[in-house]
Amino acid sequence: MGRLIGALVLGIAGCAVLLGLGVWQMQRLAWKESVLAAIEARIGAAPVAIPVMPDPVADRYLAVTADGMFLSEEIHVLASRKQGGAGYRLIAVFATADGRRVLADRGFMPLEAKDTARPETPATIIGNLHWPEEVDRFTPAPDAARDIWFARDVPAMAAALGTEPVLVVVSGTSEPAPPAEAFPVDTASIPNDHLGYAVTWFGLAAVWAGMTILLVWRIRRRTT
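Each residue of the sequence shown is one higher than the one before, counting from 930 in the working numbering.
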């Protein structure tokens, strides 16, 4: 009898813990979906002028617009697209009509377009402010000799090009023939794995329950 009670207690306790973790992940899923919805609304909002002193936290994803000119000063960040293969993000200096110099992510261009001469072009741009968190301890340093960067490090790019540490990821431009395909900000790169975690915990709870039933059956069979 003691072994039977112990097996039941262990089985119920294990199932309770695993089910609790599954429920917690479902709660996290609801929270993450609300965060993503808020970000998507911010990305798609009516654009405003670039703030005088943008805040990397408060102004992340802010929809903005500006008049000015794309300058010839550029940085090329190695990137890839699911349907476009390897290429570069074209980061250029954008001189605004009111005298500011900011970074503009003009979008994705193929590898062979890297060394193509691009004239300075007046334009009105629409996009979103962004401070990507792409740099970690495994990120290589920029290859200065070949002018290839491996991440969008906004402070470092701003220091290299002499701009404000402000990046506008362009989603639309008045240029008749943009040199790069827009690669706008979206929420696809923000991880949201909570549903998968929840399914895993609930699955483990089901397995635990099944093993408990099997153990109880074997104990009762031996006792009989």
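A virtual CB, placed ideally from N, CA and C, is assigned to each residue, including glycine. Small disclaimer: the values here were computed from a predicted structure and weren't measured.
Judged by DSSP in its simplified three-state form, Arg1030 adopts strand.
In the structure shown, the three-state DSSP call for Gly951 is helix. The Cβ atoms of Arg932 and Ile1148 sit closer than 8 Å to each other. Scanning Leu1124, Asp1115, Phe1037 for the CA closest to the CA of Tyr1017 turns up Phe1037.
Look at Ser1100 here: in three-state DSSP terms it is strand.
Taking 8 Å as the cut-off, the beta carbon of Met982 is found no closer than this to the beta carbon of Ala1024. The beta carbons of Arg1035 and Glu1093 sit no closer together than 8 Å.
Ser963 is classed as exposed because its beta carbon has fewer than 16 other beta carbons within 10 Å across all chains shown. Look at Met982 here: in three-state DSSP terms it is coil, with no helix or strand label.
The C-beta of Arg1081 has 16 or more other C-beta atoms within 10 Å across all chains shown, which makes the residue buried. Exclusion of the five residues before and after Val1064 leaves Ala1080, Asp1082 as the residues of its chain whose Cβ lies within less than 7 Å of its Cβ. A direct Cα-to-Cα measurement between Ala1127 and Trp1137 gives close to 15 Å. The three-state reading of DSSP puts Ala1070 in coil, since its state is none of H, G, I, E or B. Annotation for Met1140: Gly940 place their beta carbon closer than 8 Å to its own, counting only its chain and skipping 5 residues before and after. Pro1051 has its alpha-carbon roughly 26 Å from the corresponding atom of Leu1007.
Spatial neighbours of Gly1101 in its own chain (CB-CB distance under 6 Å, excluding positions within 5 residues in sequence) are listed in chain order as Ile1055. Excluding sequence positions up to five before and after Ile1119, its CB lies within less than 7 Å of the CB of Leu965, all in the same chain and listed in chain order. For Arg1075 and Trp1060, the gap between their C-alpha atoms comes out near 24 Å. Looking from the CA of Val1114, the closest CA among Ala978, Ala1033, Leu1000, Asn1057 belongs to Asn1057.
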